[in-house]
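Q: Before we start, here is the structure in question, set down as structure tokens.
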Amino acid sequence: MLGEAGGPLNTKEMVERMLERGLWKTGGRTPASTIYAAILRECQQKGDKSRFRKVERGASSRWSSNVVARLGGFLARKSDGTPGWLTLWRGWQKLTLLVQGFALAGGQKCG
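Residue numbers 116 to 226, in this note's numbering, belong to the letters of the sequence shown in order.
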């Protein structure tokens, strides 16, 4: 089932697919938590020989806004709050210029 997915699945998606195909039956209230615990246990016990691999989470809106804000001068220190609109705007302008420059260069790799 995981091989057919073409990419990583979270435990909720795994449970939905297993139940749809009749590969697993459960009467529990939190089947995704049950599967997650079993996968985590296997990863801890078998290490690199485990059938499962933990992948990074996707980019969140907070992460994306921090990346744009860093282009605008935001330092992202622990003591810093969230970036302001002016910093986000400056970062957005810089990102736009970078994208336009890349497009003008014909999408060629540097070096």
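No residue lacks a Cβ here, since even glycine has one placed at the ideal position from N, Cα and C. Given the structure is predicted, the values throughout are model-derived calculations rather than measurements.
How many angstroms separate the CA atom of arginine 192 from the CA atom of asparagine 181?
A: The residue labelled residue 192 in the question sits at position 77 within the sequence shown. The residue labelled residue 181 in the question sits at position 66 within the sequence shown. Straight-line Cα distance between these residues: approximately 11 angstroms.
Q: Taking the alpha carbon of leucine 210 as the point to measure from, which residue in Gly187, Lys161 and Gly221 has its own alpha carbon closest?
A: As a working note, residue 210 is residue 95 in the sequence shown. Closest by alpha carbon: Gly187.
Q: Thinking C-beta only, is cysteine 158 closer than 8 angstroms to lysine 140?
A: Along the sequence shown, one-based indexing puts residue 140 at 25. Along the sequence shown, one-based indexing puts residue 158 at 43. It is not a contact, given that the beta carbons lie outside the stated cut-off.
Q: Please classify proline 146: does DSSP put it in a helix, a strand, or coil?
A: What you label residue 146 is simply residue 31 of the sequence shown in a count that begins at 1. It is helical.
Q: Can you grab the Cα-Cα spacing for the pair glycine 202 / glutamine 208, in whole Å?
A: Mapped onto the sequence shown, residue 202 falls at position 87. Mapped onto the sequence shown, residue 208 falls at position 93. It is threonine, not glycine, that sits at residue 202 in the sequence shown. Each residue's alpha carbon lies about 10 angstroms from the other.
Q: Within 10 angstroms of the Cβ of alanine 120, are there 16 or more other Cβ atoms? Answer buried if so, exposed if not.
A: As a position in the sequence shown, residue 120 is number 5, starting the count at 1. Alanine 120 should be labelled exposed.
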